[in-house]
Amino acid sequence: MTASLIIQVAIGGLLMGLIYALVAAGLSLIFGLMNIVNFAHGELLMVAMYAALLLHDHLHVGLLLQLPIVAALLFGVGVAIYRGLISRALGVRFNSGMVQIFITFGLSIFLVGLAQFMFGSDFRTLNDGAISTATVAWGQIVLPVSQIAAGGVCLLAFAALALISRTEFGRALEATREDRDAVALIGIDRDHIFSLGWGIGAATVGIAGVMLASFYYIAPSVGTSFAVIAYITVALGGFGSLLGALVAGLVVGLVEALTALFIDPSLKEIGIFALYVLVLMVRPRGLFGRQ
Amino acid sequence: MTGAAAHTIETRRRTQLLVGAGLLVGLIILPVLIPSPYWRGLMVLVLLYAGLSQGWNVLGGYCGQISLGHALYFGLGAYTSTLLFTRLGIPPTIGLFAGGALGGAAALLVGWPCFRLSGHYYAIATLVFGLIGLLLVENWDWVGAAEGITIPFRQQSWIDLQFRIAVLPFDYAMLAYAALAWLVAWLVEGSRWGFYWRAVKDDSIASRSLGVRVFPSKMAAAAISGAITGVGGALYAQYIGFIDPPSTFGLSLSVLIALPAVVGGVGTLWGPLLGAAVLIPVQQISIAKLGGAAGGVDLMIYGGLILVLALVRPQGLISLFGIRGAAGDAVVENG
Numbered sequence: 004m005t006a007s008l009i010i011q012v013a014i015g016g017l018l019m020g021l022i023y024a025l026v027a028a029g030l031s032l033i034f035g036l037m038n039i040v041n042f043a044h045g046e047l048l049m050v051a052m053y054a055a056l057l058l059h060d061h062l063h064v065g066l067l068l069q070l071p072i073v074a075a076l077l078f079g080v081g082v083a084i085y086r087g088l089i090s091r092a093l094g095v096r097f098n099s100g101m102v103q104i105f106i107t108f109g110l111s112i113f114l115v116g117l118a119q120f121m122f123g124s125d126f127r128t129l130n131d132g133a134i135s136t137a138t139v140a141w142g143q144i145v146l147p148v149s150q151i152a153a154g155g156v157c158l159l160a161f162a163a164l165a166l167i168s169r170t171e172f173g174r175a176l177e178a179t180r181e182d183r184d185a186v187a188l189i190g191i192d193r194d195h196i197f198s199l200g201w202g203i204g205a206a207t208v209g210i211a212g213v214m215l216a217s218f219y220y221i222a223p224s225v226g227t228s229f230a231v232i233a234y235i236t237v238a239l240g241g242f243g244s245l246l247g248a249l250v251a252g253l254v255v256g257l258v259e260a261l262t263a264l265f266i267d268p269s270l271k272e273i274g275i276f277a278l279y280v281l282v283l284m285v286r287p288r289g290l291f292g293r294q
Numbered sequence: 017m018t019g020a021a022a023h024t025i026e027t028r029r030r031t032q033l034l035v036g037a038g039l040l041v042g043l044i045i046l047p048v049l050i051p052s053p054y055w056r057g058l059m060v061l062v063l064l065y066a067g068l069s070q071g072w073n074v075l076g077g078y079c080g081q082i083s084l085g086h087a088l089y090f091g092l093g094a095y096t097s098t099l100l101f102t103r104l105g106i107p108p109t110i111g112l113f114a115g116g117a118l119g120g121a122a123a124l125l126v127g128w129p130c131f132r133l134s135g136h137y138y139a140i141a142t143l144v145f146g147l148i149g150l151l152l153v154e155n156w157d158w159v160g161a162a163e164g165i166t167i168p169f170r171q172q173s174w175i176d177l178q179f180r181i182a183v184l185p186f187d188y189a190m191l192a193y194a195a196l197a198w199l200v201a202w203l204v205e206g207s208r209w210g211f212y213w214r215a216v217k218d219d220s221i222a223s224r225s226l227g228v229r230v231f232p233s234k235m236a237a238a239a240i241s242g243a244i245t246g247v248g249g250a251l252y253a254q255y256i257g258f259i260d261p262p263s264t265f266g267l268s269l270s271v272l273i274a275l276p277a278v279v280g281g282v283g284t285l286w287g288p289l290l291g292a293a294v295l296i297p298v299q300q301i302s303i304a305k306l307g308g309a310a311g312g313v314d315l316m317i318y319g320g321l322i323l324v325l326a327l328v329r330p331q332g333l334i335s336l337f338g339i340r341g342a343a344g345d346a347v348v349e350n351g
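The following block contains the structure:
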């Protein structure tokens, strides 16, 4: 095993980690805002990937244009989920925590079924010509362009999220997170903030989905493993923390890649799981979580 | 608690026992009246999930700790009894107790780090522990890895839980399982543990200040819950005759185990049975009618049903009969 192979695998892991981080950021944003875990989060990623595939195959829309279209689409989906389901679940007086979990679980099963019904269960790939196959070589280290592009876009998306948090809206978001009842008194429409939060959280996943679709397989069940990694990433980084999601995503990507290299590719998740259990024991609120 | 209130609870619990006995007699007669193997097979599954979900309900319902990793205990039960049978020739009627014991022990092991977490944090932690089990079994050659284990047919006997025509005996085996799970739930509901759990569920900080030992209470609920689930796994393995990692350790199974209680009425005695009686036929019939050609419609119906029921009947279908959750009742009776 050469040093360049290890470096190549590590960089590949970090690039994948940026996608994990962005998926986790959407989950974390929604959780931080209203204490709800979206168990259909992986299925939003799946929807975004199919949207990218359809845009590419039927309308010949290139990657750069797919990004805003799918992000806007997912924003709409997120707002619709909030308005149609979550806002109602928030009003439930009995067992509201459990209702929220199982509503989003029901939604995830529904979306997987819908995708199977529309596209079948076959694995599909989006072959975007040059972007999908090109590689960059640096000495003996070879990396696919699609993954580098994906990592770069995810970093940009993180920068955008950080900027949003500094705007007027970001402050309203923060205030709503702090005390969701008190904000009404200073004229912030809580419902409006929540639905925008869901929109932005879903749009974030939309961007991750488009970039992932450029080099990963697409299938109705593709979301599950990404969702599980997102839950772990968010728990590692600390629920509600943007920086935590970024750092934890990178760590998860790196650990996964190195476990696959040094132990066994079929056991690649075991490294992540072990890390999760360790953090759970030592620091249950995550690396950057607030008490 | 006043004497009158205690008396009301006693009467209510006796009525529950009577209704349970009546229902048991009805369910003993039912498979004789329905000769179709299809319907008898459906009854097997309904009773299996009623028992499993009753077990989940002890921890998730009464104690309020929403586990999304119960497939771990199910899978351990299934693999334990199967391996004891195929490797050592120990009959599954003994193996299922070993499976239950291991399920309960695993629930304690998972509970130890996880019970410090609350709400969604706990749910996600259990989900991850379930997946750790799945991953390990998938990569463990000695237990068949991803290919699973086919259970060879040894002889027609109740000791081995193997039958040439398997459906009717399993109606009764699962009925015994569901009835015992129900009885355990009935017993613990009225015990001191039952009151502790409801106190923990409602407000663990307040209950601690009142002298309830929160952590041991949760551990007790986990052990009972995991043991019931493990026994169910062992019975499932004998019924199907084949086990593999996704069907016994999968994440979707953890959800399937929880759903009947959630849909029927979480923290109630009858919720899991009612939920299983509604959900399992819907799922099975939609798979049979719609699963093949128009793949996916079955999942849309199932997911949609869960979503709608959770939204419009958060207290569970049981509330249609005017029965509330255990916590709600306790408050009323004490007041």
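If you read the sequences in order, they're chains L and W. Residue numbering for the first sequence follows the numbering used here, beginning at 4 and increasing consecutively. Residue numbering for the second sequence follows the numbering used here, beginning at 17 and increasing consecutively. Ideal placement from N, C-alpha and C gives every residue a C-beta, glycine not left out.
Taking the alpha-carbon of residue i as reference, which of the options has the nearest alpha-carbon?
{"i": "L325 of chain W", "options": "L:L246, L:L88, L:L17", "result": "L:L88"}
{"i": "I334 of chain W", "options": "W:M316, W:K305, W:L285, W:G319", "result": "W:L285"}
{"i": "G226 of chain L", "options": "L:W141, L:W201, L:M101, L:A118", "result": "L:A118"}
{"i": "A194 of chain W", "options": "W:L125, W:L143, W:L64, W:L306", "result": "W:L64"}
{"i": "A161 of chain W", "options": "L:A24, L:L270, L:L283, L:G15", "result": "L:L270"}
{"i": "A6 of chain L", "options": "L:G142, L:G65, L:G241", "result": "L:G142"}
{"i": "G132 of chain L", "options": "L:G65, L:L47, L:A187", "result": "L:G65"}
{"i": "S225 of chain W", "options": "W:M235, W:A236, W:Y212, W:A237", "result": "W:Y212"}
{"i": "V145 of chain L", "options": "L:G292, L:Q11, L:V280", "result": "L:Q11"}
{"i": "G210 of chain W", "options": "W:G332, W:L196, W:R229", "result": "W:R229"}
{"i": "S97 of chain W", "options": "W:G249, W:G311, W:L327", "result": "W:G249"}
{"i": "K32 of chain L", "options": "L:G241, L:I22, L:T128, L:Y279", "result": "A small correction: the amino acid at residue 32 of chain L is Leu; Lys does not occupy that position in the sequence shown. Considering only alpha carbons, the answer is L:G241."}
{"i": "G154 of chain L", "options": "L:I210, L:L176, L:V102, L:A187", "result": "L:I210"}
{"i": "L40 of chain W", "options": "W:L68, W:L196, W:G287, W:L58", "result": "W:L196"}
Anyone know if the C-beta pair for residue i and residue j falls short of 8 Å?
{"i": "A238 of chain L", "j": "G274 of chain L", "result": "no"}
{"i": "Q81 of chain W", "j": "Y137 of chain W", "result": "no"}
{"i": "A233 of chain L", "j": "A27 of chain L", "result": "yes"}
{"i": "G146 of chain W", "j": "S270 of chain W", "result": "yes"}
{"i": "I167 of chain W", "j": "F101 of chain W", "result": "yes"}
{"i": "G51 of chain L", "j": "V231 of chain L", "result": "Residue identity differs from the one stated: residue 51 of chain L is Ala in this sequence, not Gly. It is not a contact, given that the beta carbons lie outside the stated cut-off."}
{"i": "G45 of chain L", "j": "A205 of chain L", "result": "no"}
{"i": "A87 of chain W", "j": "F265 of chain W", "result": "yes"}
{"i": "D194 of chain L", "j": "S90 of chain L", "result": "yes"}
{"i": "S83 of chain W", "j": "A277 of chain W", "result": "no"}
{"i": "F120 of chain L", "j": "G311 of chain W", "result": "yes"}
Look at the alpha carbon of residue i and the alpha carbon of residue j, and state the distance between them as a whole number of angstroms.
{"i": "A342 of chain W", "j": "T136 of chain L", "result": "The predicted model places A342 of chain W with a pLDDT of 47, which falls under 50 and marks its position as unreliable, so this point remains unresolved."}
{"i": "L164 of chain L", "j": "G243 of chain L", "result": "13 Å"}
{"i": "V216 of chain W", "j": "G135 of chain W", "result": "12 Å"}
{"i": "I322 of chain W", "j": "I104 of chain L", "result": "11 Å"}
{"i": "I221 of chain W", "j": "I273 of chain W", "result": "29 Å"}
{"i": "M190 of chain W", "j": "V60 of chain W", "result": "6 Å"}
{"i": "G76 of chain W", "j": "R214 of chain W", "result": "11 Å"}
{"i": "R132 of chain W", "j": "A54 of chain L", "result": "41 Å"}
{"i": "N41 of chain L", "j": "I84 of chain L", "result": "10 Å"}
{"i": "E349 of chain W", "j": "P223 of chain L", "result": "With a pLDDT of only 29 at E349 of chain W, under 50, the local geometry of the prediction cannot be trusted, and the value read off the model is given with reservation. When rounded, the distance between both Cα atoms is 49 Å."}
{"i": "I301 of chain W", "j": "T142 of chain W", "result": "30 Å"}
{"i": "I189 of chain L", "j": "I221 of chain L", "result": "45 Å"}
{"i": "G16 of chain L", "j": "L253 of chain L", "result": "8 Å"}
{"i": "F90 of chain W", "j": "V200 of chain W", "result": "18 Å"}
{"i": "V250 of chain L", "j": "A24 of chain L", "result": "8 Å"}
{"i": "T31 of chain W", "j": "G109 of chain L", "result": "35 Å"}
{"i": "S233 of chain W", "j": "D218 of chain W", "result": "13 Å"}
{"i": "H23 of chain W", "j": "Y78 of chain W", "result": "22 Å"}
{"i": "I106 of chain L", "j": "G105 of chain W", "result": "44 Å"}
{"i": "D345 of chain W", "j": "T236 of chain L", "result": "Interpretation of D345 of chain W is limited by its pLDDT of 37, a score under 50 that renders its predicted location unreliable; no figure is taken from the coordinates."}
{"i": "V347 of chain W", "j": "L125 of chain W", "result": "Note that V347 of chain W scores 32 on pLDDT, short of 50, meaning its location in the model is unreliable; the coordinates nonetheless yield the value given after this. V347 of chain W and L125 of chain W: Cα-Cα distance of roughly 32 Å."}
{"i": "V159 of chain W", "j": "G149 of chain W", "result": "13 Å"}
{"i": "G351 of chain W", "j": "V255 of chain L", "result": "In this prediction, G351 of chain W has a pLDDT of 24, which is less than 50 and means its spatial position is unreliable; what the coordinates show is noted afterwards. Their Cα atoms are separated by approximately 51 Å."}
Taking only heavy atoms of the ligand ATP into account, decide whether any of them is closer than 7 Å to the Cβ of residue i.
{"i": "S97 of chain W", "result": "Inclusion of the ligand ATP in the displayed structure is not the case, the ligand content being empty and no account of it being possible."}
Mind the definition here: the segment 169 to 185 of chain W touches the segment 53 to 64 of chain W only if three or more C-beta pairs lie below 8 Å; say whether that holds. Using a C-beta cut-off of 8 Å, the segment 169 to 185 of chain W makes contact with the segment 53 to 64 of chain W, since at least three inter-stretch Cβ pairs fall below that distance.
If you pair each beta-carbon of the segment 118 to 128 of chain W with each one of the segment 245 to 259 of chain W, do three or more pairs fall below 8 Å? By the Cβ test, the segment 118 to 128 of chain W is in contact with the segment 245 to 259 of chain W, since at least three Cβ pairs between them sit closer than 8 Å.
Are the segment 286 to 300 of chain W and the segment 62 to 72 of chain L touching, with three or more C-beta to C-beta distances below 8 Å? Remark: fewer than three beta-carbon pairs, one from each stretch, lie closer than 8 Å, so the segment 286 to 300 of chain W and the segment 62 to 72 of chain L are not flagged as touching.
Quick check on the DSSP output: what are the complete beta strand (DSSP E) runs of length 3 or more inside the segment 175 to 226 of chain W, in order along the chain? Restricting attention to beta strand (DSSP E) runs no shorter than 3 residues, the segment 175 to 226 of chain W encloses none.
Cβ contact check for the segment 276 to 284 of chain L and the segment 185 to 202 of chain L: 3 or more pairs under 8 Å: Output reads no: the segment 185 to 202 of chain L does not touch the segment 276 to 284 of chain L.
At least 3 beta-carbon pairs within less than 8 Å: the segment 38 to 53 of chain W vs the segment 158 to 178 of chain W: The segment 38 to 53 of chain W is not in contact with the segment 158 to 178 of chain W.
So does the segment 55 to 62 of chain L actually touch the segment 160 to 179 of chain L, counting three or more Cβ pairs closer than 8 Å? In this structure the segment 55 to 62 of chain L does not touch the segment 160 to 179 of chain L; the number of beta carbon pairs closer than 8 Å is below three.
Can at least three beta-carbon pairs, one atom from the segment 33 to 40 of chain L and one from the segment 177 to 184 of chain L, be found at a separation below 8 Å? The answer is yes - the segment 177 to 184 of chain L touches the segment 33 to 40 of chain L, with three or more Cβ pairs under 8 Å.
Curious, which full-length beta strand (DSSP E) runs of at least 3 residues does the segment 176 to 246 of chain L contain? Runs of the beta strand (DSSP E) inside the segment 176 to 246 of chain L: none found.
Segments of 3+ residues assigned as beta strand (DSSP E) that fall wholly inside the segment 78 to 146 of chain L: Fully enclosed beta strand (DSSP E) runs of 3 or longer: 138 to 141.
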